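First up is the structure itself, then whatever we jot down about it.
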Amino acid sequence: MNILCGPFLYVMPECDAYYSFSQLLTRHCPRYMAPQLKGVEAGCALMDQCLKILDPELFDHLQAKGITARIYALPMILSLFACMPPLKQLLRVWDALFAIGVHFVVLLAVSHALLLREQLLQRDTDLMKILSVRYAPPLCADLLLSVAFQIMHRLPDDLLYKIARHTCDYPDSPKDLPYSKTTFELLLKRASLASSEKKSTKRTSSDYSKCKKCSNGLVHVTVNASDKHRGKRKYNVRPPWK
1 MNILCGPFLY VMPECDAYYS FSQLLTRHCP RYMAPQLKGV EAGCALMDQC
51 LKILDPELFD HLQAKGITAR IYALPMILSL FACMPPLKQL LRVWDALFAI
101 GVHFVVLLAV SHALLLREQL LQRDTDLMKI LSVRYAPPLC ADLLLSVAFQ
151 IMHRLPDDLL YKIARHTCDY PDSPKDLPYS KTTFELLLKR ASLASSEKKS
201 TKRTSSDYSK CKKCSNGLVH VTVNASDKHR GKRKYNVRPP WK
């Protein structure tokens, strides 16, 4: 965890870094810290699916040597690329990662493999040395993000849907939404008010009984004393059949 906490401490005070770090782990990628690293395992499996669609030749080449994403990409996905220097480039990658969502790390890992494509296809041995984080070239944020944004539009929607959901146990439940309790309660309140307002504006058959058709084709509606809560003015509305 220290490798994830370090960048936060580098750019913000200790208290803010702790809060941001805890929010990252508990709200944005809880499955990455689950027993057996279920979320990271799922991310590696999704990376293999992406690579199979985007570059079947490279995927088959790695599969023939028994190399899967779980072997070489797990450190990158687990650390959100924090295991790859330099730090200043990592911070630029994290700017995009946190803006889009932690799930975007899967596409970043795919981009990293695609950038090593030529080296990997030219060799039949020592492929793990090329893919190893220890021997990886220095991180270049602009290049990595550029490739990730391009491949995002080449993947099927159902696969992108799985990628977006793999970091949380229950991605459709309120507790896994990246909002504080106060913010979530406010959103629920606003949604409830909007729903009640929509219902109150629905016209019933009794509303039409108060309407009188005018010569100009409009309907003249008179507000009765019993309808004071709706207002006291008279207004013209177009009938629904017009």
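For the sequence shown, the UniProt record's numbering assigns the number 1 to the initial residue and increments by one for each residue that follows. Glycine included, C-beta positions come from ideal geometry on N, C-alpha and C. Since this is a predicted model, take the numbers as computed values, not measurements.
Distance between D124 and A45, taken at the CA atoms: about 23 Å.
Here the alpha carbon of L25 sits roughly 10 Å from the alpha carbon of L4.
An exposed status is given to V11, since fewer than 16 other beta-carbon atoms sit within 10 Å of its beta-carbon.
When the beta-carbon positions are compared, G39 and V106 stay at least 8 Å from each other.
In the DSSP assignment, I67 falls outside any alpha helix (DSSP H) and carries neither an H nor an E. Leaving aside the five residues that flank F59 on each side, the residues in its chain whose CB is nearer than 6 Å to its CB run, in chain order, L51 and K52. Straight across, the Cα-Cα distance linking L9 with S111 is about 27 Å.
At the C-beta level, A164 and H103 come within 8 Å of one another.
By the neighbour-count definition (other C-beta atoms within 10 Å, threshold 16), R31 is a buried residue.
Looking only at R190, S79 and C168, the smallest Cα-Cα distance to H28 is reached by C168. Contact annotation: L78 and P7 have beta-carbon atoms that are not nearer than 8 Å. Under the three-pair Cβ rule at 8 Å, the stretch 82–100 does not count as touching the stretch 54–74.
Selection A113, E14 and G101 evaluated against E57 yields A113 as nearest (Cα-Cα).
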